[in-house]
Structures are given as structure tokens and as C-alpha cells.
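In my numbering, the protein residues as written are 1449 to 1647.
Ideal Cβ positions, reconstructed from N, Cα and C, are used throughout, including at glycine.
Written out below as C-alpha cells is the structure these notes cover.
In C-alpha cells, the structure reads:
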């Protein structure tokens, strides 16, 4: 059974870089603290609990299981840059804070069958439901396990590619991971996303 992924139009592809135009999507997100690994685990558990039944259907008034989708997206919201971020997962700590103190937003993309009206409501008050508008996102794809150093390296590669294209970033970088934990490193699909504007 294939796992649903968000819909997008491929605008440009060059080696392991792409420009995608994503359709609007719903996300369920939570803000957590820690380094990348700790925040990923904490955030994943909370949002996974929501999709596995810690919710209430707005019509039937009972718990409903929600299908797992890919990717799981995390964004460092610790050190915001001047642009706004369509939040998937990002950091909110201030400059000079260590990664162990960083704040991250971790999000699951909701299956397309759901709208703001019919998506079950989370029982966990820390989980936010957000609708993201259509947007263009620059992407770099890579494999393996992802450390914070890997994430930073791939983010810098993506920023360089964006600059070479003459585009501007319009948000914060977002780390998107597509595979379950038991997937071998060389089969793992990871991406860094950066919303952009082309003008």
C-alpha cells in the first residue's frame, strides 16, 4: 500500500535539486524543544498519537484513525530570518542558543480527503491544524540518516542553488523525511525544502 504524499507540479529539475509548486495542504503540527533528534522524537510521538486516534471526529463525536502520509516535516524555528515561514517544522530559539535549546515545529501532512471542517480535532491542545496555501518550494534530495550537520550542509547547498537561479527565499528551511525508522540508510529519502519567490 503506497503512502500518500502532498500533490505538486514539478517546475524544474537539475541533478538533486527541484523547484516544485505544491497544492494547498492541511498540516497537523506541534512545537517541541531539543536538538534535531530529540525534537523529532517528541514531536513525532505527539502528532502520531493524534492520527492514531487521540482525536474527535467533528460530526460523529468519536475518535477516528487518520492514514499516515509522507513526509514528516521538521523546521527549526529558533532563529527566524526576516522572511515569514509557512510553518512545517522550524526553530524558534534566539541567536546564540545551542541546538539542545532549539524550538522545532514538526508536522504531518493530512490526507487530501480532509478539510478544516471534517478533520478530526486533536485532543492534545499543543497540536495545531493549519492550512498552507499553494506555494513554490525549492528542494534538495539526499539519502542516509540525517544529523543536524547534514541538515545544515544540505540547507546551504540549497541556498546556493536558489541564489544561482536568481530567486529569493520566502521562509525557513524545512527538513522532510519520508521513510519509517527501519529503512536502511541508503534507501532513505530526505529533502530540505525552502519556500521561494521568483521575480
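Does the stretch 1490-1504 come close enough to the stretch 1633-1643 that 3 or more CB-CB pairs lie under 8 Å?
-> no
Proximal residues to residue 1591 (C-beta, below 6 Å), its chain only, five neighbours per side dropped = 1634 and 1636
Spell out the partners DSSP gives residue 1638 in its beta bridges.
-> 1590 and 1625
Quick one, are the C-beta atoms of residue 1514 and residue 1573 less than 8 Å apart?
-> no
For residue 1617 versus residue 1577, is the C-beta distance shorter than 8 Å?
-> No, Cβ-Cβ distance for residue 1617 and residue 1577 is not below 8 Å.
What are the start and end residues of each continuous alpha helix (DSSP H) run of 4 or more residues lying completely inside the stretch 1465-1500, in chain order?
-> Runs found: 1484-1499.
Alpha carbon to alpha carbon, how far is residue 1524 from residue 1508?
-> One C-alpha to the other measures close to 36 Å.
For the beta strand (DSSP E) containing residue 1524, list its first residue and its last residue.
-> 1520-1525
In this structure, what does DSSP give as the bridge partners for residue 1556?
-> 1476 and 1520
For residue 1632, which of helix, strand or coil comes out of DSSP?
-> coil
Just grab the DSSP bridge partners of residue 1577 for me.
-> 1476
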